[in-house]
Structures are given as structure tokens and as C-alpha cells.
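*Asks:* Residue numbering for the sequence shown follows the numbering used here, beginning at 42 and increasing consecutively. Just so it is clear, CB atoms sit at the ideal spot from N, CA and C, and this is done for glycine as well. Pasting in a structure now, in C-alpha cells, and then I'll have a few things to ask.
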Amino acid sequence: VQLQASGGGLVQAGGSLRLSCAASGSGFNINDMRWYRQAPGKQRELVAAITRGGVTNYAYSVKGRFTISRDYAKNTVYLQMNSMKPEDTAVYYCYAQISLDGTYQYWGQGTLVTVSS
42 VQLQASGGGL
52 VQAGGSLRLS
62 CAASGSGFNI
72 NDMRWYRQAP
82 GKQRELVAAI
92 TRGGVTNYAY
102 SVKGRFTISR
112 DYAKNTVYLQ
122 MNSMKPEDTA
132 VYYCYAQISL
142 DGTYQYWGQG
152 TLVTVSS
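In C-alpha cells:
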């Protein structure tokens, strides 16, 4: 199983970006999917999460601005980021908890998001 993230880039403050993360492989079921971010000199933090049943959870700093969603048929999770701020600048990582012959954690490769003021 592999996670491939895409959609990062440079955006001005107040702008929008959409990140995508697709899981590839076969014979697995995806449980939780999440987005984390890590800014320079800071610890990785949870940004948003969505359960298999579609229940979502957000960090306080992004609530009302970011929306996480998933396409079950495509095994893909999205992060729609609106009203972006310079403090949203970070490398964003997708995460998936996957059931195969056990339960495993997978991470995408990270995609850089830069918000200019």
C-alpha cells in the first residue's frame, strides 16, 4: 500500500488550495484518514481527520477554514484549505490507518504548502 499526496504549492494569504492523497494497492480497507502538518522548527501536528464513517475532526486553528473529505471509491482523502494564513505554511502529510492482514499506519511523502503575506 502506498499513499501519494499532491496539491501543495504557493498561495497568497486569503487564497485556497486543495490537497489530495490517494492510497494505491489492493486487498485493503481504509479506516481513519488524516492530514498532519509540520512547520519549520515545530512538531508535527494533526490538522484534520475523518473516520471510515465520515466523522470529521479539526484542529482549532483551522476550524471553519479547512474541510476534510474522502472518496471511498477512489481511496482518496482531500483537504480543502480556504482563507489561508501565513501560519498555515508547512509540509502537509497524509496518514491512513489501513486493515490488511492486520492494522497498519501509512504516511504519504509530504507536500509543501507556502502561504505568502
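Would you mind reading off the limits of the beta strand (DSSP E) that contains Ser47?
*Replies:* Looking at the DSSP string, the run of the beta strand (DSSP E) that includes Ser47 is Gln43 to Ser47.
*Asks:* Using DSSP bridges, identify the partner residues of Val96.
*Replies:* BP columns for Val96 are empty, so no partner.
*Asks:* If we count the other Cβ atoms within 10 Å of its Cβ and call it buried at 16 or more, is Tyr147 buried or exposed?
*Replies:* Flag for Tyr147 reads buried.
*Asks:* Mapping DSSP to helix, strand and coil, what is Asp112?
*Replies:* Residue state, collapsed to three classes: strand.
*Asks:* Rounded to the nearest angstrom, what separates Met122 and Cys62 at their Cα positions?
*Replies:* Between Met122 and Cys62, the C-alpha separation is close to 14 Å.
*Asks:* From Gly151 to Ser158, what distance separates their C-alpha atoms?
*Replies:* When rounded, the distance between both Cα atoms is 23 Å.
*Asks:* May I ask you to report which of helix, strand or coil DSSP gives Asp142?
*Replies:* Of the three classes helix, strand and coil, the one that applies to Asp142 here is coil, per DSSP.
*Asks:* For Asp112, does the count of other Cβ atoms within 10 angstroms reach 16, so buried, or fall short, so exposed?
*Replies:* Asp112 is exposed by the Cβ-count criterion.
*Asks:* From what residue to what residue does the beta strand (DSSP E) around Asn123 run?
*Replies:* From DSSP, Asn123 is part of no beta strand (DSSP E); its letter is neither H nor E.
*Asks:* Use the C-beta contact count for Val96: other C-beta atoms within 10 angstroms, 16 or more gives buried, fewer gives exposed.
*Replies:* Burial call: exposed.
*Asks:* Thinking just about the alpha-carbon of each residue, which of Tyr136, Ile109 and Glu128 is nearest to the one in Arg59?
*Replies:* It is Ile109.
*Asks:* May I have the straight-line CA-CA distance separating Gly48 from Asp142, to the nearest angstrom?
*Replies:* Cα-Cα distance, rounded: 31 Å.
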